[in-house]
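The structure appears right after this line, and notes come after that.
Residue numbers (the numbering used here): 3 to 122.
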């Protein structure tokens with residue numbers, strides 16, 4: 003079957019169906035963090051601090067848009083043990099993505115210093 007036909011039956015992207023389970027996004031987010039944490043342990047490190055947008059998304063399961071790609075004010079820490087830490091340029095923590103029921107990053111800190119760090 004050729005998929006570039008005008009009446010192709012291929013479905014591209016996530017499509018909701020009631021007859022099959024589809025992608026388990028909660029499991030995907032959980033297993034990504036577990037794999038990252040296993041790599042930290044295998045390298046005998048205490049943790050890894052990530053600035054790359056893709057790595058932050060891999061560790062935390064969060065994404066706030068492509069505008070943050072060339073800025074370094076959003077980063078995450080993947081510790082040897084425990085939950086990930088997320089420093090975000092916005093005041094409120096983002097949801098763990100658009101996946102309902104997926105975990106949120108509880109250790110959220112603001113990456114910007116508002117009042118005390120302003121030059122005088």
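From the three backbone atoms N, C-alpha and C, an ideal C-beta is built for every residue, glycine too.
Through-space distance from residue 91 to residue 76, alpha-carbon basis: The sequence position of residue 76 within the chain shown is 74, counting from 1. The sequence position of residue 91 within the chain shown is 89, counting from 1. Roughly 6 Å separates the two Cα atoms.
Integer-rounded CB distance, given that residue 50 should sit under 8 Å from residue 42: Along the chain shown, one-based indexing puts residue 42 at 40. Along the chain shown, one-based indexing puts residue 50 at 48. The C-beta distance from residue 42 to residue 50 rounds to 5 Å, short enough to meet the 8 Å contact threshold.
C-alpha gap between residue 58 and residue 66, whole angstroms: By one-based count along the chain shown, residue 58 stands at place 56. By one-based count along the chain shown, residue 66 stands at place 64. Rounded to the nearest angstrom, the two C-alpha atoms are 11 Å apart.
C-alpha gap between residue 100 and residue 63, whole angstroms: If you number the chain shown from 1, residue 100 lands on position 98. If you number the chain shown from 1, residue 63 lands on position 61. Annotation note: pLDDT 47 at residue 100 (below 50); position unreliable, coordinate value reported separately. The straight-line gap from Cα to Cα measures roughly 10 Å.
Beta strand (DSSP E) segment containing residue 50, residue limits: The residue you call residue 50 lines up with position 48 of the chain shown. It spans 49-52 - the beta strand (DSSP E) in which residue 50 sits, taken as one unbroken run.
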